[in-house]
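Novice:
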Amino acid sequence: MKHYILLTVLVLFSCDVSKLSETKIVSLSKVKAVIIIQDSFNDTTLNSVRVKLTDGKQQIINKDIKILLNDVPLDLYVKNDLYYTKTSYYRTDSLTRKDSYYFEIQLPNSNIKYPLAFIKPRSVHKSTHFSIPEKSHVHEDVIFKWDNLYQPHFVEVTKGIQLNKKSTENITYHKFKKRRVDTLSDTTGTYLIPKSFLTDSLSTTNYLGIKISREERGLLHPYLLPNSAITYNYTIHKTIAVDN
């Protein structure tokens with residue numbers, strides 16, 4: 024009996040799915056939409072397009088709610104997680120880069136497609152170029168360059184380290200250390216990671232992870248809940264091997 028009560032409590036308090044998932048009457052004013060378009064600066068395709076719907080707190084998983092991108096329906100992806108939680112979002116395998124992205128929503132109680140969000144990304148990033156080395160040495164400054172940068176970008180450097188002190192003969196510990204995020208704003212420039220960042224008495228640097236990103240925001244239906252958003256993210260990930 025105790026186990027049954029505990030299971031019931033877990034179901035009631037761990038489930039993160041909104042009651043709007045089960046109703047056929049859904050108002051757009053009760054929906055929070057977060058749309059993320061991920062672009063990695065490659066030639067023709069995006070990394071991903073995801074649309075997540077919630078009631079502001081809990082996610083809405085309703086197969087009768089349709090999301091369309093440029094008049095093409097997206098797929099509803101649902102995954103069961105641990106402790107009665109779920110992961111859900113709308114997605115697509117058609118990731119060809121477009122000049123603009125127009126999202127619509129069709130609610131269960133209507134055959135009408137309502138405007139949801141729109142974004143037309145700036146095209147200037149196509150001429151932006153970063154020159155990042157493949158490897159470096161622990162006793163050298165690391166420098167990368169860029170040109171044709173017409174909007175500010177953020178850079179984050181992650182250091183992968185190996186601890187010099189071992190607790191046993193056969194175990195080596197690896198960790199990560201992050202440097203603060205900096206902003207790149209000059210049209211042409213260089214970014215220096217000093218060799219002092221690579222060395223200390225307790226660890227050895229094996230590699231550097233470089234993340235360069237920027238984002239744009241688009242237009243949303245005014246009836247959506249606060250904190251709804253459509254974001255177009257540009258991101259580059261590079262790894263620099265560090266010789267010792």
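Residue numbers (our numbering): 24 to 267.
Every residue, glycine too, gets a C-beta built ideally from N, C-alpha and C.
All values reported here derive from a predicted model rather than from experimental measurement.
From the DSSP output, which residues share a beta bridge with Leu225?
Specialist: Per DSSP, none; premise fails for Leu225.
Novice: Looking at the secondary structure, which residues open and close the beta strand (DSSP E) in which His16 lies?
Specialist: The requested residue 16 does not occur in the structure, where the chain is confined to residues 24 to 267.
Novice: Is Val101 closer than 7 Å to Ile90 when the C-beta atoms are compared?
Specialist: no
Novice: So the beta strand (DSSP E) Tyr257 belongs to, where does it begin and stop?
Specialist: Start and end: Ala252 to Asp266.
Novice: Using the beta-carbon count (16 or more within 10 Å), is Val95 buried or exposed?
Specialist: The residue in question, Val95, is exposed, as its Cβ has fewer than 16 Cβ neighbours within 10 Å.
Novice: CA-CA distance, Lys47 and Gln61?
Specialist: 32 Å
Novice: Taking 8 Å as the limit between beta carbons, can you name the residues of its chain near Thr222, skipping five residues before and five after?
Specialist: Val161, His162 and Thr228
Novice: Using the rule of at least 16 other Cβ atoms within 10 Å of the residue's Cβ for burial, across every protein chain shown, is Asp104 buried or exposed?
Specialist: exposed
Novice: Does the Cβ of Pro127 have 16 or more other Cβ atoms within 10 Å, making it buried, or fewer, making it exposed?
Specialist: The displayed chain sequence assigns Glu, not Pro, to residue 127. Glu127 should be labelled buried.
Novice: Is Tyr230 helix, strand or coil by DSSP?
Specialist: DSSP places Tyr230 within a strand segment (E or B) once states are collapsed to three.
Novice: For Thr77, which residues of its own chain have a beta-carbon under 7 Å away from its beta-carbon, when the five flanking residues on both sides are left out?
Specialist: Once the five neighbours on either side are set aside, the close Cβ partners of Thr77 are Ser41, Lys55 and Ile83.
Novice: For the beta strand (DSSP E) holding Asn103, just list the boundary residues, first then last.
Specialist: Looking at the DSSP string, the run of the beta strand (DSSP E) that includes Asn103 is Asp98 to Asn103.
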